[in-house]
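If you read the sequences in order, they're chains C and G.
Just so you know, the first sequence maps onto residues 0 to 179 in numbering that gives the first Met the number 0.
Just so you know, the second sequence maps onto residues 0 to 179 in numbering that gives the first Met the number 0.
See below for the structure under consideration.
Protein chains: 2
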Amino acid sequence: MPSTLGFAILAALAKDARTGYELTAVMNRPVGYFWTARHSQIHTDLQKLLADGLVRFEAEHGPGPQGKKVYHLTPEGRAALRDWVTEPPRARTERDELVLKTYASWLADPAEMAELFRAQLLLHEERIAQYEGQRAGFAGVPDPGDPTFGNYAALWCGLSYERHRAEWCRWMIGRLDPSA
Amino acid sequence: MPSTLGFAILAALAKDARTGYELTAVMNRPVGYFWTARHSQIHTDLQKLLADGLVRFEAEHGPGPQGKKVYHLTPEGRAALRDWVTEPPRARTERDELVLKTYASWLADPAEMAELFRAQLLLHEERIAQYEGQRAGFAGVPDPGDPTFGNYAALWCGLSYERHRAEWCRWMIGRLDPSA
DNA sequence: TCGCTCTATGTCTGAACTGACATAGTGCCG
DNA sequence: CGGCACTATGTCAGTTCAGACATAGAGCGA
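Following this line, the structure appears as structure tokens:
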């Protein structure tokens, strides 16, 4: 059984054959919005997927000490990915540093704390604008069988998340600094 | 510099002196809503905090091969925690398995996918009910200087998050299974 | 033609973390 | 008084991951 990152790689390769280097790029954007990895991790996991027969590669001439390897899914890889998609996700342990800071915020100066949340709010507002721009690029909602359906659905989730987060920041600022 | 878990431990100890065992319990609930750890990790980190002089303990007679150690913050520990609280959080890499599955969902049967989201929606609705019950236990919003302020603020965030997530699940179900 | 940036591969160390293993006192119920 | 659940400590092996290190061709501009 591949790791979750392994499935992230399979998901990216399901759309197009790619080199490890290109996978690193997509793991940065757009996949990086919900799953990230460094190229060192990607190369390690590609070796495992290769050993499990879920991907194969064609060597091509190219830069680098070892040339270029274009990876693609095997039929087994595609089947493994399809089976995994509909299985319930493993419960991830929540890890949210900002909420942890909030939990201990009674020790800090409220005005300084409000400053922190104002900076966070700005970040979220920027992302909302960015995501809304991306959504404008879609001509309507893609069909569930369309390869871009996942992109749209993930974008919807991200936009909703950023709005929830921005709302929380505004509430916090109002509580910490009622004069503002 | 302690790890984030180290600060989570300091945050818990800022409210009350505790044993490692009791810390394990609070890291499960309520701190576990936004930062989790196993007792093995907590014991390891307590050793580091001890070496850094941020916590100290009083040995007491009690069960276990080594008796009982009640940990409490040192003044340095309290100062380190207070400084950390208002510093911007390190950017955590987003890791969301359900969104990743969504990204690859164009390969799967929409009806099966809708089933997955119906199960997720149920979980979120349960948590919303649970959090609303917890919020009813508060007599109004605590003041930012009140030690329970963080609990309330984290609860607000959690409730807002669960509602956002539930909304997304409902949208997904509507897209995947328009007959429902 | 020198150097820079981009493409492209990989290894290695250390930190954080999980899950299993190990030990032992205390209090309670039958 | 036997056994179980709870309190309480800790170690260890293995996984995941980030960040640093290492190598090298290709293309471009000064």
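The beta carbon of each residue, even a glycine, is placed where N, CA and C say it ideally should be.
Beta carbon proximity, Arg-51 of chain C to chain G, threshold 7 Å = One-based indexing of the first sequence puts residue 51 of chain C at position 52. In the sequence as displayed, the identity of residue 51 of chain C is Asp instead of Arg. No - not a single Cβ of chain G is within 7 Å of the one on Asp-51 of chain C.
query = Does the distance from the C-beta atom of Phe-116 of chain C to that of Met-171 of chain C stay below 7 Å?
reply = Working through the first sequence from its first residue, we reach residue 116 of chain C at position 117. Working through the first sequence from its first residue, we reach residue 171 of chain C at position 172. The answer is yes: Cβ separation under 7 Å.
message = Using a Cβ-Cβ cutoff of 9 Å, what residues of the stretch 23-44 of chain G are near chain C? List them in chain order.
response = Pro-29, Val-30, Gly-31, Tyr-32, Phe-33, Trp-34, Thr-35, Ala-36
request  = Taking only the alpha-carbon atoms, compute the straight-line gap between Arg-89 of chain G and Thr-3 of chain G and give it to the nearest angstrom.
outcome  = What you label residue 89 of chain G is simply residue 90 of the second sequence in a count that begins at 1. What you label residue 3 of chain G is simply residue 4 of the second sequence in a count that begins at 1. Arg-89 of chain G and Thr-3 of chain G: Cα-Cα distance of roughly 10 Å.
key: Local Cβ density within 10 Å of His-60 of chain C, reported as buried at 16 or more and exposed below that   = Mapped onto the first sequence, residue 60 of chain C falls at position 61. With fewer than 16 other Cβ atoms within 10 Å, it is exposed.
request  = Output, in chain order, the set of chain G residues within a Cβ distance shorter than 8 Å of Pro-74 of chain C.
outcome  = Translated into the one-based positions of the first sequence, residue 74 of chain C becomes position 75. Within chain G, no residue comes near Pro-74 of chain C; the closest Cβ sits about 13 Å away, beyond 8 Å.
task = Using a Cβ-Cβ cut-off of 7 Å, state whether Asp-95 of chain G counts as contacting chain C.
result = For this step, residue 95 of chain G is matched to residue 96 along the second sequence. True, the Cβ-Cβ gap to chain C drops below 7 Å.
query = From this set, C:Pro-143, C:Tyr-160, C:Phe-33, C:Asp-51, which residue's C-alpha is nearest Asp-108 of chain G's C-alpha?
reply = Here residue 108 of chain G corresponds to residue number 109 of the second sequence, with the count starting at 1. The shortest C-alpha separation from Asp-108 of chain G is found at C:Pro-143.
Spatially closest choice to Leu-175 of chain C from G:Ser-159, G:Ala-179, G:Ala-152, G:His-71, by CA coordinates = In the first sequence, the residue the question calls residue 175 of chain C occupies position 176. Leu-175 of chain C has its Cα closest to that of G:Ala-152, out of G:Ser-159, G:Ala-179, G:Ala-152, G:His-71.
task = Return no unless some Cβ of chain C is closer than 7 Å to the Cβ of Ser-178 of chain G.
result = Position 179 of the second sequence, counting from 1, holds the residue named residue 178 of chain G. No, its Cβ sits nowhere closer than 7 Å to a Cβ of chain C.
ask   = Excluding five sequence neighbours on each side, which residues of the same chain lie with their C-beta closer than 7 Å to the C-beta of Asn-150 of chain G?
value = Taking the second sequence and counting its residues from 1, the one referred to as residue 150 of chain G is at position 151. So the list reads Pro-29, once near-sequence residues are dropped.
query = Alpha carbon to alpha carbon, how far is Phe-33 of chain C from Pro-146 of chain G?
reply = The sequence position of residue 33 of chain C within the first sequence is 34, counting from 1. The sequence position of residue 146 of chain G within the second sequence is 147, counting from 1. Using only the alpha carbons, I get a separation of about 33 Å.
task = State yes or no: is the beta carbon of Leu-4 of chain G nearer than 7 Å to at least one beta carbon in chain C?
result = Against the second sequence, residue 4 of chain G aligns to sequence position 5. No, no contact with chain C.
request  = Let me know if Asp-15 of chain C comes out buried or exposed under the rule of 16 or more other beta-carbons within 10 Å of its beta-carbon.
outcome  = Here residue 15 of chain C corresponds to residue number 16 of the first sequence, with the count starting at 1. By the 10 Å Cβ count, Asp-15 of chain C comes out exposed.
query = Glu-125 of chain G CB to nearest chain C CB: under 7 Å?
reply = Indexing the second sequence from 1 puts residue 125 of chain G at position 126. Chain C contact via Cβ: absent.
query = Should Arg-37 of chain C go down as buried or exposed, given a rule of 16 or more other Cβ atoms within 10 Å for buried?
reply = In the first sequence, the residue the question calls residue 37 of chain C occupies position 38. Its Cβ having fewer than 16 others within 10 Å, Arg-37 of chain C is exposed.
request  = Indicate whether the contact test is met: 3 or more Cβ pairs, each with one atom in the stretch 67-75 of chain G and one in the stretch 93-100 of chain C, closer than 8 Å.
outcome  = no
inquiry  = Just to confirm the assignment: which complete alpha helix (DSSP H) runs, minimum length 4, are found wholly within the stretch 63-106 of chain C?
reply    = 74-84, 96-102
task = Have a look at C:Thr-18, C:Leu-45, C:His-123 and flag the residue whose alpha-carbon is nearest the alpha-carbon of Pro-62 of chain C.
result = As a first step, residue 62 of chain C must be located in the first sequence, where it is residue number 63. Checking every option, the nearest Cα to that of Pro-62 of chain C belongs to C:Thr-18.
query = Assuming Ser-104 of chain C contacts Phe-148 of chain G under a Cβ cut-off of 8 Å, what Cβ separation, rounded to an integer in Å, is found between them?
reply = Here the question's residue 104 of chain C lines up with position 105 in the first sequence. Here the question's residue 148 of chain G lines up with position 149 in the second sequence. Right, the Cβ-Cβ distance comes to about 7 Å (below 8 Å), so this counts as a contact.
query = Can you find a CB in chain G that lies within less than 7 Å of the CB of Lys-47 of chain C?
reply = For the purposes of this step, residue 47 of chain C is identified with residue 48 of the first sequence, where counting begins at 1. Lys-47 of chain C does not count as touching chain G.
ask   = Just checking, does the stretch 36-55 of chain C make contact with the stretch 76-88 of chain C on the three C-beta pairs under 8 Å criterion?
value = yes
Euclidean distance between Cα positions of Glu-166 of chain G and Lys-47 of chain G = Translated into positions along the second sequence, residue 166 of chain G becomes position 167. Translated into positions along the second sequence, residue 47 of chain G becomes position 48. So the two alpha carbons sit approximately 42 Å from each other.
query = Do we get a CB-CB distance below 7 Å when we pair Pro-64 of chain G with the residues of chain C?
reply = Translated into positions along the second sequence, residue 64 of chain G becomes position 65. So, not an interface residue.
ask   = Should Pro-177 of chain C go down as buried or exposed, given a rule of 16 or more other Cβ atoms within 10 Å for buried?
value = Counted from its first residue, the first sequence places residue 177 of chain C at position 178. So Pro-177 of chain C ends up on the exposed side.
task = Please check if any C-beta of chain C sits within less than 7 Å of the C-beta of Gly-182 of chain G.
result = Here chain G comprises residues numbered 0 to 179, so residue 182 of chain G is not present and cannot be evaluated.
request  = Compare the C-beta of Gly-173 of chain G with all C-beta atoms of chain C and state if any pair is closer than 7 Å.
outcome  = One-based indexing of the second sequence puts residue 173 of chain G at position 174. False, the Cβ-Cβ gap to chain C never drops below 7 Å.
message = Bridge partners for Ala-58 of chain G per DSSP, in chain order?
response = Position 59 of the second sequence, counted from the start, is the residue given in the question as residue 58 of chain G. DSSP lists G:Lys-68 as partners of Ala-58 of chain G.
key: Simplified DSSP state of Arg-37 of chain C, which is helix, strand or coil   = Counting from 1 along the first sequence, the entry for residue 37 of chain C is found at position 38. Of the three classes helix, strand and coil, the one that applies to Arg-37 of chain C here is coil, per DSSP.
inquiry  = Per DSSP, what are the beta-bridge partners of Arg-186 of chain G in this structure?
reply    = Residue numbering for chain G in the displayed model covers 0 to 179; residue 186 of chain G lies beyond these limits and cannot be assessed.
task = Show which residues of chain G have a CB atom less than 8 Å away from the CB atom of Gly-149 of chain C.
result = Numbered from 1 along the first sequence, position 150 holds the residue referred to as residue 149 of chain C. Within chain G, the residues near Gly-149 of chain C are Thr-101, Tyr-102, Ala-103, Ser-104, Trp-105.
ask   = What's the gap between the Cα of Glu-114 of chain C and the Cα of Phe-137 of chain G?
value = For the purposes of this step, residue 114 of chain C is identified with residue 115 of the first sequence, where counting begins at 1. For the purposes of this step, residue 137 of chain G is identified with residue 138 of the second sequence, where counting begins at 1. Cα to Cα, the separation comes out at about 26 Å.
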